[in-house]
Amino acid sequence: MSDLEARDRAILNRIQSDFPITARPYALMAEELGLTEREVIERVAALKAEGIIRRIGGNFVPDRVGHVSTLCAAKVPEDKLAHFAATVNRYPGVTHNYRRENAYNVWFTFISPSRRQIEANLEEIKAATGVTEILNLPATRVFKINAQFEL
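For what it's worth, numbering that gives the first Met the number 0 labels the leading residue of the sequence shown as 0, then goes sequentially.
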């Protein structure tokens with residue numbers, strides 16, 4: 000990320016938390032950052048196309064809206080990593096998917112209306128990928144840490 004321009008860093012720092020809830024959020028951010036609304040929109044689109052921004056969306060507390068969440072850990076062979084990640088990422092309830100250096104080398108979080116739905120989705124993922132060792136570690140207590148990365 001060291002190749003990012005200063006304006007891209009400023010935009011990324013601004014949109015990570017406290018995204019403006021207004022009819023024209025990019026106009027508000029542009030004003031704060033000394034840019035034009037068009038510049039912010041174009042740079043966000045470019046950062047998304049480059050894979051630097053995965054998604055922009057709201058986060059909610061699952062149990063407050065009638066959902067449940069779980070952390071999953073999978074043992075994925077090297078030759079199946081790309082296919083496994085693409086399969087997992089197709090599910091709208093997957094909020095994070097990342098690789099770790101461990102026997103359980105792919106971890107992801109899943110939010111869904113029910114534990115039963117999560118279990119069914121995990122079975123689908125197993126069938127589609129051939130990866131059968133997936134731990135389902137349901138949240139029993141929530142510890143929320145604000146992840147803000149200053150760029």
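Virtual Cβ for every residue (Gly too), placed ideally from N, Cα, C.
Query                                                                                                      : Result
From S113, L32, I10, A84, residue whose alpha carbon lies closest to that of I55                           : I10
Uninterrupted alpha helix (DSSP H) stretches inside the stretch 91 to 135 (no shorter than 4 residues)     : 114 to 128
Secondary structure of A138, DSSP reduced to three states                                                  : coil
K125 and I133 closer than 8 angstroms at C-beta                                                            : yes
Sheet register partners of T69 (DSSP bridge)                                                               : F109, P137
Under the three-state DSSP convention, the category A165 falls into                                        : Within the shown structure, residues of the chain are numbered from 0 to 150, placing residue 165 beyond reach of any answer.
Spatially closest choice to T131 from E122, A138, R98, by CA coordinates                                   : E122
D7: first and last residue of the uninterrupted alpha helix (DSSP H) it sits in                            : 5 to 14
From R37, G57, G65, A138, residue whose alpha carbon lies closest to that of S16                           : G57
Nearest candidate by alpha-carbon position, reference A72, set E149, T139, N135                            : N135
Limits of the alpha helix (DSSP H) - the one that T35 falls within                                         : From DSSP, T35 is part of no alpha helix (DSSP H); its letter is neither H nor E.
N101, buried or exposed, once every other Cβ within 10 Å from all chains shown has been counted against 16 : exposed
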